[in-house]
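Asker:
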Amino acid sequence: MSVALAGMVREAWADLDRVVEGLSREDAERKLPNASAFSWTVAHCTHMVDSWLNVNFQGTSPHPSLNGDTRGSHRSLDASPQTLRKGAAGDALDWNEVQVAVEEVRTIARHYLNALTEDDLDTKIDYTGSIEALRSTGISPRYALMRIAAHHYFHIGEIASARVVLGHDVGDYPGLMKACL
Numbered sequence: 643m644s645v646a647l648a649g650m651v652r653e654a655w656a657d658l659d660r661v662v663e664g665l666s667r668e669d670a671e672r673k674l675p676n677a678s679a680f681s682w683t684v685a686h687c688t689h690m691v692d693s694w695l696n697v698n699f700q701g702t703s704p705h706p707s708l709n710g711d712t713r714g715s716h717r718s719l720d721a722s723p724q725t726l727r728k729g730a731a732g733d734a735l736d737w738n739e740v741q742v743a744v745e746e747v748r749t750i751a752r753h754y755l756n757a758l759t760e761d762d763l764d765t766k767i768d769y770t771g772s773i774e775a776l777r778s779t780g781i782s783p784r785y786a787l788m789r790i791a792a793h794h795y796f797h798i799g800e801i802a803s804a805r806v807v808l809g810h811d812v813g814d815y816p817g818l819m820k821a822c823l
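In the working numbering, each number is its position in the sequence shown, counted from 1, plus 642.
Okay, here's the thing in structure tokens:
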């Protein structure tokens, strides 16, 4: 049986995909006044999934495109963990490369989410990320999933509002969240 919080993260992914659906590459890479480019925002959310679920809980290497690594088959997005964190400039990133990274990161994370059980949710691990307050407490999958979902929905609202200002029809959020039932 799927854990409801894992379902909430999958629903947040579906809603993030829906809020950027139909964006042209030009619009996705445009930096609006006092806002981040949509391409940056999607990469920012994806970086959190990669860092928290894939690297911290599964022990994988960070996704190369989200960490400035141009070796191998991946092209760099000219992104590093610092350029994708809160407070960064939010400059445009290559939309096509972001979409590839999103799919690759989610594929790895999906395996973890699908295998997660209720018993796994409260097992804490050390946290070494950029949020200082969490370093002394560690994080559990329960906390990580709640924070990832909330973080996605914050940015979904940001993108939806900006797209409405641009005259785009973006729908209503959140969606039905069927995976949480």
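Where is the CB? At the ideal position from N, CA and C, for every residue including glycine.
Here the structure is a predicted model, which is why all the values come from computation and not from measurement.
1) Examine the Cβ distances between the segment 762-773 and the segment 745-753 and report whether three or more of them are shorter than 8 Å.
2) Here's a check: name, in chain order, each residue in its chain whose Cβ is nearer than 6 Å to the Cβ of N696, leaving out the five neighbours to either side.
3) Rounding to the nearest angstrom, what Cα-Cα distance links D692 and H705 in this structure?
4) Taking one C-beta from the segment 665-680 and one from the segment 780-790 each time, how about it: are there three or more such pairs within less than 8 Å?
5) May I ask you to report which of helix, strand or coil DSSP gives I801?
6) CB-CB under 6 Å to E653, same chain, minus the five flanking residues each way: which ones, in chain order?
7) Can you give the Cα-Cα distance for A757 and A802, rounded to whole angstroms?
8) Over what stretch of residues does the alpha helix (DSSP H) that includes L755 continue unbroken?
9) Less than 8 Å between C-beta atoms, sequence neighbours within five positions excluded: which residues of the same chain meet that for L776?
10) State the DSSP-derived secondary structure class of I773, mapped to helix, strand or coil.
11) Do T683 and A743 have their CB atoms nearer than 7 Å?
12) Who are the near neighbours of V740 in its chain, counting only those whose CB is closer than 6 Å to its CB and skipping five residues on each side?
13) Just to confirm, is the Cβ distance from P816 to D659 under 7 Å?
Answerer: Short version:
1) no
2) Here the question's residue 696 lines up with position 54 in the sequence shown. Result list for N696: T702, I750 and A751, in chain order.
3) Reading the sequence shown from its first residue, position 50 is the one you call residue 692. Reading the sequence shown from its first residue, position 63 is the one you call residue 705. Cα-Cα distance, rounded: 7 Å.
4) no
5) Along the sequence shown, read from residue 1 onward, the residue named residue 801 stands at position 159. The answer is helix: DSSP assigns I801 an H, G or I state.
6) Within the sequence shown, numbered from 1, the residue matching residue 653 stands at position 11. These residues qualify, in order along the chain: M819 and A821.
7) Within the sequence shown, residue 757 is the residue found at index 115, counting from 1. Within the sequence shown, residue 802 is the residue found at index 160, counting from 1. Between A757 and A802, the C-alpha separation is close to 32 Å.
8) Here residue 755 corresponds to residue number 113 of the sequence shown, with the count starting at 1. Per DSSP, L755 belongs to the alpha helix (DSSP H) from W737 to A757.
9) Here residue 776 refers to the residue found at position 134 when the sequence shown is read from its first residue. So the list reads Y769, once near-sequence residues are dropped.
10) As a position in the sequence shown, residue 773 is number 131, starting the count at 1. Coil.
11) Along the sequence shown, one-based indexing puts residue 683 at 41. Along the sequence shown, one-based indexing puts residue 743 at 101. Not in contact: T683 and A743 (Cβ atoms no closer than 7 Å).
12) Taking the first residue of the sequence shown as position 1, residue 740 is located at position 98. Answer for V740: S681, V684 and A685, listed in chain order.
13) Working through the sequence shown from its first residue, we reach residue 816 at position 174. Working through the sequence shown from its first residue, we reach residue 659 at position 17. Taking 7 Å as the Cβ cut-off, P816 and D659 do not qualify as a contacting pair.
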